[in-house]
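Chains Z and D, in that order, give the protein sequences.
Numbering-wise, the first sequence is residues 357 to 470 according to the working numbering.
Numbering-wise, the second sequence is residues 9 to 120 according to the working numbering.
Every residue gets a Cβ at the ideal spot worked out from N, C-alpha and C, and that includes glycine.
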Amino acid sequence: AQSVTQPDIHITVSEGASLELRCNYSYGATPYLFWYVQSPGQGLQLLLKYFSGDTLVQGIKGFEAEFKRSQSSFNLRKPSVHWSDAAEYFCAVALTDSWGKFQFGAGTQVVVTP
Amino acid sequence: DGGITQSPKYLFRKEGQNVTLSCEQNLNHDAMYWYRQDPGQGLRLIYYSQIVNDFQKGDIAEGYSVSREKKESFPLTVTSAQKNPTAFYLCASSIEQGDTQYFGPGTRLTVL
């Protein structure tokens with residue numbers, strides 16, 4: 357069965373430190389891949405997406421993600437975290453052989469300390 | 009500004025009552041979606057619509073109903089048959105199915 361796994365439920369990082377959020381998927385074909393961010397009580401905002409081509413993708417707010425086919429991963433990174441990056445982050449895949457249905461991971465809560 | 013609006017932001021319902029959540033978009037998107045979000049879980053698909061006058065059940069459609077009479081609007085009704093309706097509901101749209109989904113701000117429904 358297709359699945360999206362975000363292994364870290366909760367991450368605490370110091371302001372200015374680097375951040376990496378992990379995402380692994382289980383899917384026969386190469387899906388379309390997305391990262392979204394959600395502030396408390398708000399909707400989801402798209403950070404970046406991968407459809408094809410260069411496997412290192414740049415997004416908004418200084419985020420980037422790297423698609424690694426051999427590891428079925430799409431990890432999100434930021435070199436220097438700001439306090440405003442505290443939020444919940446969701447990885448999602450669009451199942452390209454199933455009408456493009458989105459499957460979301462359970463999310464990673466990021467806390468930023470001074 | 010183009011975007012997706014959801015109303016109301018907060019909604020309270022008594023057990024046994026139906027309630028309708030509004031979702032409107034002015035992005036000229038063909039596809040629209042409803043998701044349910046519970047604490048500690050990802051988003052689960054309730055219903056989706058590829059085009060006007062057509063919609064399909066998602067993974068957790070029981071106790072919910074939708075309509076798509078206009079391209080811009082995709083209201084969700086939470087019926088009394090939904091056993092545990094308290095949740096955060098998110099509406100999304102995309103140019104077409106499989107493309108990037110853009111989300112509204114959400115409606116938090118609480119059953120009293």
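State yes or no: is the C-beta of residue i within less than 7 Å of the C-beta of residue j?
i        : j        : result
Z/LEU403 : Z/GLY415 : yes
Z/SER359 : Z/SER374 : no
D/GLY50  : Z/GLY461 : yes
D/LEU98  : D/PHE82  : no
D/THR115 : D/LEU35  : no
Z/VAL466 : Z/ILE367 : yes
D/ALA95  : D/ASP46  : yes
D/ARG76  : D/VAL86  : no
D/ALA69  : D/TYR56  : no
Z/LEU432 : Z/LEU377 : yes
Z/ASN380 : Z/SER428 : yes
Z/PHE430 : Z/ALA421 : yes
Residue i bridges to which residues according to DSSP?
i        : result
Z/ALA443 : Z/VAL466
D/LEU117 : D/LEU19, D/ALA95
Z/GLU422 : Z/LEU412, Z/ASN431
D/CYS31  : D/GLN14
D/LYS65  : D/TYR55
D/SER101 : D/MET40, D/TYR110
Z/SER449 : Before going further, note that residue 449 of chain Z is Val rather than Ser in the sequence given. Answer by DSSP bridge pairing, in chain order: Z/LEU389, Z/GLN459.
Z/THR361 : Z/ASN380
D/GLN45  : D/LEU51, D/PHE96
Z/LEU404 : Z/TRP391
D/LYS122 : Residue 122 of chain D lies beyond the stretch modelled for chain D, which goes from 9 to 120, so this question has no answer here.
D/SER73  : D/THR85
Taking the alpha carbon of residue i as the reference point, which residue from the options has its own alpha carbon closest?
i        : options                                : result
Z/SER436 : Z/TRP455, Z/PHE446, Z/PHE419           : Z/PHE419
D/GLU104 : D/VAL86, D/ALA89, D/LYS79              : D/LYS79
D/THR13  : D/ARG21, D/VAL27, D/MET40              : D/MET40
D/VAL74  : D/PHE63, D/LEU120, D/ILE68             : D/PHE63
D/LYS22  : D/THR108, D/ASN92, D/CYS31             : D/ASN92
Z/ILE401 : Z/ASP410, Z/GLY372, Z/ASP441           : Note that residue 401 of chain Z is Gln in the sequence shown, not Ile. With distances taken between Cα atoms, Z/GLN401 lies closest to Z/ASP441.
D/GLY48  : Z/LYS434, Z/GLU444, Z/TRP455           : Z/GLU444
D/GLY11  : D/GLN58, D/LEU84, D/GLN25, D/HIS37     : D/HIS37
D/THR108 : Z/PHE423, Z/TYR392, Z/THR386, Z/ILE365 : Z/TYR392
Z/PRO470 : Z/GLN394, Z/TYR388, Z/PRO387, Z/SER370 : Z/SER370
Z/PRO363 : Z/ASP453, Z/CYS447, Z/GLN459, Z/PHE458 : Z/CYS447
Z/LYS417 : Z/LYS434, Z/LYS405, Z/PHE423           : Z/LYS434
D/GLY66  : Z/THR361, Z/PHE458, Z/PRO396           : Z/PHE458
Z/GLY409 : Z/GLY397, Z/LEU389, Z/THR464           : Z/LEU389
Z/THR464 : Z/VAL413, Z/PRO387, Z/SER395           : Z/SER395
Apply the 10 Å Cβ neighbour rule to residue i and answer buried if 16 or more other Cβ atoms are within range, or exposed otherwise.
i        : result
D/SER15  : exposed
D/TYR18  : exposed
D/GLN33  : buried
Z/TRP439 : exposed
D/THR118 : exposed
D/PHE20  : exposed
D/SER149 : Here chain D covers residues 9 to 120 and nothing more, so residue 149 of chain D does not appear.
Z/GLY456 : buried
Z/THR411 : exposed
D/LEU120 : exposed
D/GLY106 : buried
- Selection of the region 417-447 of chain Z by Cβ proximity to chain D, strictly under 7 Å: Hits within the stretch, in order: PHE446.
- Task: Scan the region 397-412 of chain Z for residues whose Cβ lies nearer than 8 Å to a Cβ of chain D and list them as they occur along the chain.
- Result: GLY397, GLN398, GLY399, LEU400, GLN401, LEU402, LYS405
- Query: When Cβ atoms are compared, which residues of the region 16-40 of chain D fall closer than 8 Å to chain Z?
  - Reply: none
- Item | Residues, ordered as in the chain, of the region 364-397 of chain Z that lie near chain D by beta-carbon distance below 8 Å | ILE365, TYR388, PHE390, TYR392, GLY397
- Task: Could you please tell me which residues of the region 97-110 of chain D, in chain order, have their CB closer than 9 Å to any CB of chain Z?
- Result: LEU98, CYS99, ALA100, SER102, GLU104, GLN105, GLY106, ASP107, THR108, GLN109, TYR110
- Mind checking the region 40-52 of chain D against chain Z and listing, in chain order, the residues whose C-beta falls within less than 7 Å of any C-beta there? GLY48, GLN49, GLY50, LEU51
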